[in-house]
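> So the protein lines, in turn, are chains A and B. Everything in the first sequence is counted per UniProt numbering, starting at 1 for the first residue and increasing by one. Everything in the second sequence is counted per UniProt numbering, starting at 1 for the first residue and increasing by one. Here a beta-carbon is modelled for each residue, glycine too, at the ideal position from N, C-alpha and C.
2 protein chains.
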Amino acid sequence: MTLTSWVPVPAESDFPVQNLPYGVFEPAGGAARVGVAIGEHVLDLAAALGDEVFARPSLNAFMAQGRRRWQEVRARITELLTDERHRPSAEPALHRLADVRLLMPFEVADYVDFYSSEHHAANIGRMFRPDSEPLMPNWKHLPVGYHGRAGTVVPSGTPIVRPNGQRKPPQATAPGFGPSQRLDIEAEVGFVVGTGSELGEPVALADFAEHVFGVCLVNDWSARDIQAWEYVPLGPFLGKSFATSVSPWIVPLDALEAARVAPPERDHELLGYLRDRADWGLDLTMRVRLNGHQVSEPPFATMYWTAAQQLAHMTVNGASLRTGDLYASGTVSGPEPGQRGSFMELSWGGKEPLELPGGGTRSFLEDGDEVTITATAPGADGVRIGFGEVTGRIEPAR
Amino acid sequence: MTLTSWVPVPAESDFPVQNLPYGVFEPAGGAARVGVAIGEHVLDLAAALGDEVFARPSLNAFMAQGRRRWQEVRARITELLTDERHRPSAEPALHRLADVRLLMPFEVADYVDFYSSEHHAANIGRMFRPDSEPLMPNWKHLPVGYHGRAGTVVPSGTPIVRPNGQRKPPQATAPGFGPSQRLDIEAEVGFVVGTGSELGEPVALADFAEHVFGVCLVNDWSARDIQAWEYVPLGPFLGKSFATSVSPWIVPLDALEAARVAPPERDHELLGYLRDRADWGLDLTMRVRLNGHQVSEPPFATMYWTAAQQLAHMTVNGASLRTGDLYASGTVSGPEPGQRGSFMELSWGGKEPLELPGGGTRSFLEDGDEVTITATAPGADGVRIGFGEVTGRIEPAR
């Protein structure tokens, strides 16, 4: 039997009762607080559940309470929204999404960005290092990643100012300075840590769901010309640190059970701490729109490394986790040209500009361009669940 | 006339009244709070100044108040500690350093690590990439840096558990897993951001002292074997993220006026935003001790890039600053073998084990080893000021 809510949920909605993603919203004239999306509404959790942990402008305090509590709250919200008898008490806690402002859903502790799509890594390798093997020797032995700037993770809708910086064309003898001319997106999936861990104690792959609270969409804006000049030998820095956008809704792991799939076949045996004991690949289909027209449909299920493997790797050296840690998958690119998660790949480094569905071509982002990333996945009861969207518009360099 | 305090300050003390570094301490039976070191004592600032901003377990709230306020407080503390008339009221706010516990002095927002010693970068380049030029083409055009893990920045004295991880000897066909066999230090100087900046707005080189509150010592523990296998192409990750230790005292920039020197001669013209308008090189002499014996004396004045240039670079793309951001200089190594800030360099990658002053040799750190870094600089009135110490002992892998 398909579970349904007494709250009307349009057929195309991202937010059926099988989803129940968490966010932070500001009602007209009210203070920011935690809510759950249902159809075209958001449920004020402090009001509906009478728990002050939700009367805050961030999910962190609730996320820190741990998996058992997350499951209790999810069960309670499901009951409230599906049992007509709760309607009289719960309905006053609903706000129309159209009437509220969605804010940054959590305070970011550390931000790590992985690089776990084989197709993306190989595409970038071919373009950045044309004379070498596209994948580095370590790539299939460990999920390559690096730390990004937590302080510039911004909520969906924040304008993205085109960054200035140093860039050196291959034939130039010295770098020049100015606005990035190769401004790009990276369509990624983000994982939000709820409960931390102790310094010195690795988190086992099997404990993934004890620590990770939920999933969001990430656009890791990238200035390819700045990145290309700066990134050797210590990795990306200013080419990435100007902004990273996240979607306002955090989809709980429990909403994604039906989306779990096996990751791609491995070419060779993995070291013990990375061996899959449970499948945490996710059958999530992303869509990238430029100025309203879809330009790509990256398939998350093609990612070589799962989020559980990323977590196990990130902590195997004893590095501790904190509530609010965000780690992103890396650009999601599938094997087909129409499945690439960056303009760098879609336009092959600018050599093959993308024909836009709305007319014209595009290699990299122009001022005024708006990029929106969405995603859907199979949910319980055969329904489709959605992730909302992460969007941002490019403002001219200052 | 040399300013002196009515608090007795031994001749060899790091903390004459010309220094006045800030830290967070816990008196026996009391709550953690902000203090200033003077000789062998710490002054409880909440008690001495009657300001609740200091009755907290972190410097962040005070640091966020900005430079004018930092200067007012410094002037007031100087008056309290030098004018005998204040002795009756201020003396009860003094605690003996021997009686208190020193804690993490601030909450770290983002942590960035630079790579600004030409001697260190060239030494590492020669060892990691023996077939290439030691310095990358970008190195003299911009201060190379990357983000590290803020959540594993720990206070001096925290035990350092030897990390496990993947490492692959050059002749092996696949990586192995186990405790790092090339555990190392990086002796660095850290800069702590007091006042933040707006997203999209670069911080000019000339505004360095408006944003940076003070200076501490940093030991950026590094597992060279893990780092060597993982770091291409996105930079260091698990080879660094297990721990970074900082000293308990933050020396205010105003205490370092007498230590300011011109940075080394530049080989070629810099882009405008990096051109030195004021000298922020610092004549700071560091000392590295292994198990009580000095093994190195890195001279900070030899750093190619200054902290002001690092700040201007870090924000030139519009990346914002937050109160509590920490950025470190990168390993400080001078031109002489006895001035190198890492064991990797001191033992030349293990090929020339270091003869220890106490007997025996050392290439990389062994379990039980204790590393302590100190530093001194010229202060006002011709006195010497010190930075206290950052120390840590290696525990066996788990």
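So, does the CB of B:TRP229 fall closer than 7 angstroms to a CB anywhere in chain A?
Here the question's residue 229 of chain B lines up with position 229 in the second sequence. Taking Cβ atoms only, chain A reaches closer than 7 angstroms to B:TRP229, which makes this a yes.
> Taking 7 angstroms as the cut-off, decide whether the C-beta atoms of B:ASP99 and B:ALA37 are in contact.
The residue labelled residue 99 of chain B in the question sits at position 99 within the second sequence. The residue labelled residue 37 of chain B in the question sits at position 37 within the second sequence. No, Cβ-Cβ distance for B:ASP99 and B:ALA37 is not below 7 angstroms.
> Within the 7 angstroms Cβ cut-off, does residue 413 of chain B reach chain A?
No answer is possible for residue 413 of chain B: it lies beyond the span of chain B, which begins at 1 and ends at 398.
> With a threshold of 8 angstroms, are at least 3 pairs of Cβ atoms found where one atom belongs to the region 158 to 178 of chain A and the other to the region 197 to 204 of chain A?
They do not touch, by the three-pair rule.
> Rounded to a whole number of angstroms, what is the C-alpha to C-alpha distance between B:GLU395 and B:LEU183?
Translated into the one-based positions of the second sequence, residue 395 of chain B becomes position 395. Translated into the one-based positions of the second sequence, residue 183 of chain B becomes position 183. For B:GLU395 and B:LEU183, the distance between alpha carbons rounds to 11 angstroms.
> Could you give the residue range of the alpha helix (DSSP H) that holds B:PHE343?
For this step, residue 343 of chain B is matched to residue 343 along the second sequence. That run of the alpha helix (DSSP H) goes 343 to 346.
> How many Å lie between A:VAL9 and A:THR78 at the Cα?
Counting from 1 along the first sequence, the entry for residue 9 of chain A is found at position 9. Counting from 1 along the first sequence, the entry for residue 78 of chain A is found at position 78. Straight-line Cα distance between these residues: approximately 14 angstroms.
> Excluding sequence positions up to five away, which residues of its chain have a Cβ less than 6 angstroms from the Cβ of A:ALA47?
Indexing the first sequence from 1 puts residue 47 of chain A at position 47. Only ALA93 meet the Cβ criterion.
> Contact criterion: CB-CB distance below 7 angstroms. Does B:VAL109 meet it with respect to chain A?
Here residue 109 of chain B refers to the residue found at position 109 when the second sequence is read from its first residue. Rather than Val, the amino acid found at residue 109 of chain B in this sequence is Ala. For B:ALA109, the answer is yes, since a Cβ of chain A falls inside 7 angstroms of its Cβ.
> Would you mind telling me which residues of chain B sit closer than 7 angstroms to A:VAL24, beta carbon to beta carbon, in chain order?
Along the first sequence, read from residue 1 onward, the residue named residue 24 of chain A stands at position 24. By Cβ distance, chain B contributes nothing, its closest Cβ being about 19 angstroms from A:VAL24, past 7 angstroms.
> Would you kindly check if the distance between the Cβ of B:LEU217 and the Cβ of B:ALA375 is under 7 angstroms?
One-based indexing of the second sequence puts residue 375 of chain B at position 375. One-based indexing of the second sequence puts residue 217 of chain B at position 217. Yes, the pair counts as a contact, with Cβ atoms nearer than the cut-off.
> With DSSP run on the structure shown, which of helix, strand or coil describes B:VAL7?
In the second sequence, residue 7 of chain B corresponds to position 7, counting from 1. Coil, per DSSP.
> By how many angstroms is the C-alpha of A:ALA319 removed from the C-alpha of A:VAL189?
Here the question's residue 189 of chain A lines up with position 189 in the first sequence. Here the question's residue 319 of chain A lines up with position 319 in the first sequence. So the alpha carbons of these two residues sit roughly 22 angstroms apart.
> Thinking just about the alpha-carbon of each residue, which of B:PRO299, B:LEU142 and B:ALA11 is nearest to the one in B:LEU282?
Counting from one through the second sequence, the residue named residue 282 of chain B turns up at place 282. Checking every option, the nearest Cα to that of B:LEU282 belongs to B:PRO299.
> DSSP on B:PHE242, reduced to helix/strand/coil?
Here the question's residue 242 of chain B lines up with position 242 in the second sequence. Coil, per DSSP.
> Put A:HIS41 into one of helix, strand or coil per three-state DSSP.
By one-based count along the first sequence, residue 41 of chain A stands at place 41. It is a strand residue.
> Can you name, in chain order, every residue of its own chain whose Cβ lies under 7 angstroms from the Cβ of B:PRO378, other than the five neighbours on each side?
To locate residue 378 of chain B, count along the second sequence from 1; it is residue 378. Within the same chain, B:PRO378 has close Cβ partners ALA258, ALA259, ASP283 and ARG384.
> Look at A:ALA243 and A:TRP229 and say whether their C-beta atoms are less than 7 angstroms apart.
For the purposes of this step, residue 243 of chain A is taken as the residue at position 243 of the first sequence. For the purposes of this step, residue 229 of chain A is taken as the residue at position 229 of the first sequence. No.
> How would you write the range of the beta strand (DSSP E) that A:ARG384 sits in, first residue to last?
In the first sequence, residue 384 of chain A corresponds to position 384, counting from 1. Note, A:ARG384: beta strand (DSSP E), 384 to 395.
> Going by other Cβ atoms of all chains shown within 10 Å of its Cβ, with 16 needed for buried, is A:LEU234 buried or exposed?
Locating residue 234 of chain A in the first sequence gives position 234, where the first residue counts as 1. Label assigned to A:LEU234: buried.
> Does chain A have any CB closer than 7 angstroms to the CB of B:GLN310?
Against the second sequence, residue 310 of chain B aligns to sequence position 310. With 7 angstroms as the cut-off, B:GLN310 does not count as an interface residue toward chain A.
> In angstroms with no decimal places, state the Cα-to-Cα distance between A:ARG277 and A:ALA206.
Position 277 of the first sequence, counting from 1, holds the residue named residue 277 of chain A. Position 206 of the first sequence, counting from 1, holds the residue named residue 206 of chain A. Cα-Cα distance, rounded: 7 angstroms.
> Can you tell me whether B:ALA109 sits near the ligand MG, meaning its C-beta is under 6 angstroms from at least one heavy atom of the ligand?
Ligands displayed in this structure: none; no statement on the ligand MG is therefore possible.
> Does any residue of chain A bring its CB to less than 7 angstroms from the CB of B:ARG322?
Residue mapping note: residue 322 of chain B aligns to position 322 of the second sequence, counting from 1. Closer than 7 angstroms to some Cβ of chain A, the Cβ of B:ARG322 qualifies, so yes.
> Given a cut-off of 7 angstroms on the beta-carbon distance, is the pair A:SER245 and A:GLY388 in contact?
Position 245 of the first sequence, counting from 1, holds the residue named residue 245 of chain A. Position 388 of the first sequence, counting from 1, holds the residue named residue 388 of chain A. Contact: no.
> Among residues of its own chain, excluding the 5 on either side of A:PHE62, which ones have a beta-carbon nearer than 6 angstroms to its beta-carbon?
Taking the first sequence and counting its residues from 1, one reaches residue 62 of chain A at position 62. Cβ neighbours of A:PHE62 beyond the five flanking positions: VAL53.
> CB-CB under 7 angstroms to A:ARG96, same chain, minus the five flanking residues each way: which ones, in chain order?
Reading the first sequence from its first residue, position 96 is the one you call residue 96 of chain A. If we look at A:ARG96 and ignore the five residues flanking it on each side, its Cβ neighbours are GLU40 and HIS41.
> Quick one: residues in its chain with C-beta nearer than 6 angstroms to the C-beta of A:ILE160, no 5 flanking neighbours on either side, listed in chain order?
The residue given as residue 160 of chain A occupies position 160 in the first sequence. So the list reads TRP221, ALA243, GLY392 and ILE394, once near-sequence residues are dropped.
> Taking 7 angstroms as the CB-CB cut-off, is A:ALA37 touching chain B?
Residue mapping note: residue 37 of chain A aligns to position 37 of the first sequence, counting from 1. It does not: the Cβ of A:ALA37 has no partner Cβ on chain B nearer than 7 angstroms.
> Identify, in the order they occur along the chain, each residue of the same chain with its Cβ nearer than 6 angstroms to the Cβ of A:SER347, setting aside the five sequence neighbours on each side.
In the first sequence, counting from the first residue as 1, residue 347 of chain A sits at position 347. For A:SER347, where only same-chain residues beyond five positions count, the Cβ hits under 6 angstroms are PRO353, LEU354 and SER363.
> What number of angstroms, rounded off, separates the C-alpha of B:ALA380 from the C-alpha of A:GLU345?
Residue 380 of chain B sits at position 380 when you count from the first residue of the second sequence. Residue 345 of chain A sits at position 345 when you count from the first residue of the first sequence. Roughly 57 angstroms separates the two Cα atoms.
> Should A:VAL24 and A:VAL34 be called a contact, given that it needs their Cβ atoms to be closer than 7 angstroms?
Translated into positions along the first sequence, residue 24 of chain A becomes position 24. Translated into positions along the first sequence, residue 34 of chain A becomes position 34. In contact: A:VAL24 and A:VAL34 (Cβ atoms closer than 7 angstroms).
> Taking CB distances under 7 angstroms as the criterion, tell me whether A:PHE191 reaches chain B.
Against the first sequence, residue 191 of chain A aligns to sequence position 191. Chain B contact via Cβ: absent.
> Exposed or buried, which one is B:ASP83 when buried takes at least 16 other CB atoms within 10 Å?
For the purposes of this step, residue 83 of chain B is identified with residue 83 of the second sequence, where counting begins at 1. Label assigned to B:ASP83: exposed.
> Going by DSSP, what residue range makes up the alpha helix (DSSP H) through B:PHE62?
Indexing the second sequence from 1 puts residue 62 of chain B at position 62. Looking at the DSSP string, the run of the alpha helix (DSSP H) that includes B:PHE62 is 60 to 63.
> Buried or exposed for A:ALA262, please, with buried defined as at least 16 other CB atoms from any protein chain shown within 10 angstroms of its CB.
Position 262 of the first sequence holds residue 262 of chain A. So A:ALA262 counts as exposed.
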